[in-house]
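This report refers to the structure that appears directly beneath it.
Numbering (the numbering used here), first residue to last: -7 to 141.
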């Protein structure tokens, strides 16, 4: 069986979909609770835009409801996919650098090693960017529940 060696700081909790789905669900649930606390049953007005023709109301409500529920998964998938893909890339490149270094302990080893260092820096920037995007989108969703359009 292959042995996986994990060094410090080599595991991201958000690389598991269950964790990002839970974070996303908490944002979604908070927006719904805040919306009902502020507006009561008028919160359902979020699903029917003002001035919409009565004939289109069932279709618009369905589309808006699907859009509202899709937020739950879009937040989770966006965070999960970006963190997981970066860690997968790092693991592949680091494994390549390790094998190349073991086989050819020479200056050729420095090229993949430098690439791994650069990708690690990029991963740190992406992690901060994803945290920012998640926070901004969560704030927008909660604000929409407060204001109702």
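Cβ atoms here follow ideal geometry from the backbone N, Cα and C, with glycine treated the same way.
Whole-number beta carbon distance between residue j and residue i, since they are thought to touch under 8 Å
i: residue 44; j: residue 137; result: Going by Cβ atoms, the distance from residue 44 to residue 137 rounds to 20 Å, so no, they are not a contact pair.
i: residue 39; j: residue 57; result: 6 Å
i: residue 124; j: residue 63; result: Residue 124 to residue 63, Cβ: 17 Å. No contact.
Cα-Cα separation between residue i and residue j, rounded to whole angstroms
i: residue 29; j: residue 35; result: 9 Å
i: residue 142; j: residue 104; result: Because the chain spans -7 through 141 in this model, residue 142 falls outside it and cannot be assessed.
i: residue 74; j: residue 117; result: 12 Å
i: residue 93; j: residue 114; result: 23 Å
i: residue 167; j: residue 120; result: An answer regarding residue 167 cannot be provided, because it is not within the stretch -7 to 141 covered by the chain.
i: residue 77; j: residue 84; result: 11 Å
i: residue 16; j: residue 88; result: 35 Å
i: residue -7; j: residue 82; result: In this prediction, residue -7 scores a pLDDT of 38, lower than 50, which makes its location untrustworthy; the coordinate-derived value is nonetheless stated afterwards. Rounded to whole angstroms, residue -7 to residue 82 spans 22 Å at the Cα level.
i: residue 33; j: residue 122; result: 34 Å
i: residue 47; j: residue 140; result: 22 Å
i: residue 51; j: residue 126; result: 29 Å
i: residue 49; j: residue 31; result: 21 Å
i: residue 135; j: residue 54; result: 22 Å
Classification of residue i by the beta-carbon crowding that lies within 10 angstroms, buried from 16 upward
i: residue 37; result: exposed
i: residue 80; result: exposed
i: residue 110; result: exposed
i: residue 59; result: exposed
i: residue 19; result: buried
i: residue 131; result: exposed
Three-pair Cβ contact test at 8 Å for the region 63 to 79 versus the region 6 to 17: With a cut-off of 8 Å on Cβ pairs, the region 63 to 79 is in contact with the region 6 to 17, counting three or more such pairs.
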